[in-house]
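*Asks:*
In this note's numbering, the protein residues as written are 25 to 169.
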């Protein structure tokens, strides 16, 4: 019982320190149509470091959009991430350059972008396969720069 109380206290303390995100719409244009996501936008280093950590669930057509001011190579990990994700890496031209599907929660393994990116979209695991999202598809987002 005491262990549960300590775990609950730690979880509460962590959620009290979480940063907030603006929301926007992101659309991926695929060969079979457009797919719209309601996203939280991670722009600052603090937001990007937190990402989807500690989230227990995410709506089916939701996600987190990481934006970078200039193209750069990035790598993600799943530390403190409770839900499996598909991570979609997007180049400066808006085209998807890599998709890391079905990432493993809590993993410390680096998931590299595979090239310079200006955006990364995290969605629920299995979304890329379900919607037939492929490398070369285009991401359009309405998040102001």
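Beta carbons: idealized from backbone N, C-alpha and C, even for Gly. Quantities reported herein were computed from a predicted structural model and do not represent experimental measurements.
Which residue or residues does DSSP assign as beta-bridge partners of residue 161?
*Replies:* Here residue 161 refers to the residue found at position 137 of the chain shown. Under DSSP, no beta-bridge partner is assigned to residue 161.
*Asks:* Going along the chain, which residues of its own chain have a beta-carbon closer than 7 Å to the beta-carbon of residue 108, five neighbours each way excluded?
*Replies:* Reading the chain shown from its first residue, position 84 is the one you call residue 108. Beyond the five residues adjoining it in sequence on each side, residue 108 comes within less than 7 Å, by CB distance, of 126, 127, 128, 129, 149 in the same chain, given in chain order.
*Asks:* Closest by CA to residue 137, which one among 161, 57, 87, 100?
*Replies:* Against the chain shown, residue 137 aligns to sequence position 113. The residue with the shortest Cα to Cα distance from residue 137 is 100.
*Asks:* Which whole-angstrom value describes the C-beta separation of residue 164 and residue 51, a residue pair presumed to lie in contact below a C-beta threshold of 8 Å?
*Replies:* As a first step, residue 164 must be located in the chain shown, where it is residue number 140. As a first step, residue 51 must be located in the chain shown, where it is residue number 27. That pair is a contact at about 5 Å.
*Asks:* Relative to the C-alpha of residue 145, which residue among 56, 42, 62 is closest?
*Replies:* As a position in the chain shown, residue 145 is number 121, starting the count at 1. That would be 62, whose Cα lies nearest to the Cα of residue 145.
*Asks:* Who are the near neighbours of residue 59 in its chain, counting only those whose CB is closer than 6 Å to its CB and skipping five residues on each side?
*Replies:* Sequence index remark: in the chain shown, residue 59 carries index 35 (1-based). Correct list, in chain order: 52, 155.
*Asks:* If you drop the 5 nearest sequence neighbours on each side, which residues of the same chain put their C-beta closer than 7 Å to that of residue 29?
*Replies:* Locating residue 29 in the chain shown gives position 5, counting from the first residue. Residue confidence is low: residue 29 scores 38 on pLDDT, short of 50, so the model does not pin down where it sits. Its coordinate-derived value is still stated next. No residues qualify anywhere along the chain.
*Asks:* Does the ligand PLP have a heavy atom nearer than 7 Å to the CB of residue 166?
*Replies:* Absence of the ligand PLP from the depicted structure is noted, as is the absence of any ligand whatsoever, leaving it without description.
*Asks:* Could you pull out every residue in the same chain whose Cβ sits closer than 6 Å to the Cβ of residue 43, ignoring the five residues on either side in sequence?
*Replies:* Reading the chain shown from its first residue, position 19 is the one you call residue 43. The answer, listed in chain order, is 70, 71, 74.
*Asks:* Please go through the same chain and pick out, in chain order, the residues whose beta-carbon is closer than 6 Å to the beta-carbon of residue 105, but skip the five residues on each side of it.
*Replies:* For the purposes of this step, residue 105 is identified with residue 81 of the chain shown, where counting begins at 1. For residue 105, where only same-chain residues beyond five positions count, the Cβ hits under 6 Å are 76, 77, 129.
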